[in-house]
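> Per the numbering used here, the very first residue in the sequence shown carries number 2; after that it's consecutive. The beta carbon of each residue, even a glycine, is placed where N, CA and C say it ideally should be. Since the model is a prediction, treat every value here as computed from it, not as a measurement.
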Amino acid sequence: MTFSEEDLSPISALQHLVFCERQWGLIHLEQLWAENRLTVEGKGLHEKVHEMETESRCGTRVVRGLMVRSLELGLIGKLDVVEFHRVSTTGDSPDSTADEPAGVMLDGARGLWHPVPVEYKRGRPKIDRCDEVQLCAQALCLEEMLSITINRGAIFYGKPRRRSDVNLDADLRRETLSAIHRLHELTRAGKTPLPVYGPKCKNCSLVDLCLPETIQRGRSVHDYLLRSINDVIAGTKGPVT
């Protein structure tokens, strides 16, 4: 199946989806968003990364804010950073191996260069692999556009200020493709999934819009709002007009 330009989903939606399907629905179906300290810091980090200029250093070219897409996977997005590491000083591409990955030619640069996507996150590594899935999807888009196999990527976490290398192995690729399939399945359904309340809800900026405890206990948002209004009225001093 090939997707049209109009049907492409943002790569970043995969991170939301794997973290919490309801969060994905609230953001990408219902167009709801709420800022908290964590999201503001994360937005600032990404803006800072994208504002920095492209740079070259010994054996590496760094490109920021690169737009990618995959019509095969139905994805589109802007990558924080792609590092191109020189793998050959000639125009002859080595066979892709773990030690010598295949390379591509870059305008104005001698030799062949292997792309390594780098995603920036403000916080710490997560228990699930939502960040790794997002990174792998970025690599899959690059692979389709450059006709090359990418073996690894990296995630820079702002809290420990540490860069973690990510092996784009078969297991992660399967998990990513499964998440992409689920993403398009839920998009076609057009219905926000119900919440599953858990520890990660406390740091979610959408917790007050999601109402995970309320809805999971079987109370509708409508009933919750009526109850809240009645509580306010009951606590109001004097006649209600």
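Using the beta-carbon count (16 or more within 10 Å), is residue 163 buried or exposed?
Residue environment analysis places residue 163 among the exposed positions, since fewer than 16 neighbouring C-beta atoms fall within 10 angstroms of its C-beta.
> Please name the residue in 61, 124 and 110 whose C-alpha comes closest to that of residue 161.
Taking only the C-alpha atoms, the option nearest residue 161 is 124.
> Take the Cβ of residue 34 as the centre, count every other Cβ of all protein chains shown within 10 Å, and call the residue buried at 16 or more, exposed below.
By the neighbour-count rule (16 or more Cβ atoms within 10 Å), residue 34 is not buried but exposed.
> Candidates 68, 171, 76 and 60: which alpha carbon is nearest residue 85's?
60
> Suppose the cutoff is 7 Å on Cβ atoms and the five residues either side in sequence are ignored; what does the same chain contact list for residue 132 look like?
Here the set comprises 16, 120, 122 and 156.
> Residue range of the alpha helix (DSSP H) that residue 173 falls in?
171 to 190
> Taking the beta carbon of residue 58 as the centre, do at least 16 other beta carbons fall within 10 Å, making it buried, or is it exposed?
exposed
> If distances are taken between C-alpha atoms only, which option among 130, 80 and 31 comes closest to residue 179?
130
> As a quick exercise: from 3, 115 and 109, pick the residue whose alpha carbon is nearest that of residue 102.
115
> Is it true that the segment 71 to 84 meets the segment 141 to 150, where meeting means three or more beta-carbon pairs spaced less than 8 Å apart?
yes
> Alpha carbon to alpha carbon, what distance is there between residue 168 and residue 5?
The C-alpha of residue 168 is placed about 30 Å away from the C-alpha of residue 5.
> Quick check on the burial criterion: 16 or more other C-beta atoms within 10 angstroms. Buried or exposed for residue 118?
buried
> Go ahead and label residue 154 buried or exposed: buried means 16 or more other beta carbons lie within 10 angstroms of its beta carbon, across all protein chains shown.
Buried.
> Can you check whether the CB of residue 147 is closer than 7 Å to the CB of residue 105?
Going by C-beta atoms, residue 105 is nearer than 7 Å to residue 147.
> Please determine, among 71, 55 and 70, the residue with the shortest C-alpha to C-alpha distance to residue 64.
55
> Among 62, 214 and 151, whose alpha-carbon lies nearest the alpha-carbon of residue 198?
Among 62, 214 and 151, the Cα nearest to that of residue 198 belongs to 214.
> Could you tell me the alpha carbon to alpha carbon distance between residue 111 and residue 88, rounded to whole angstroms?
11 Å
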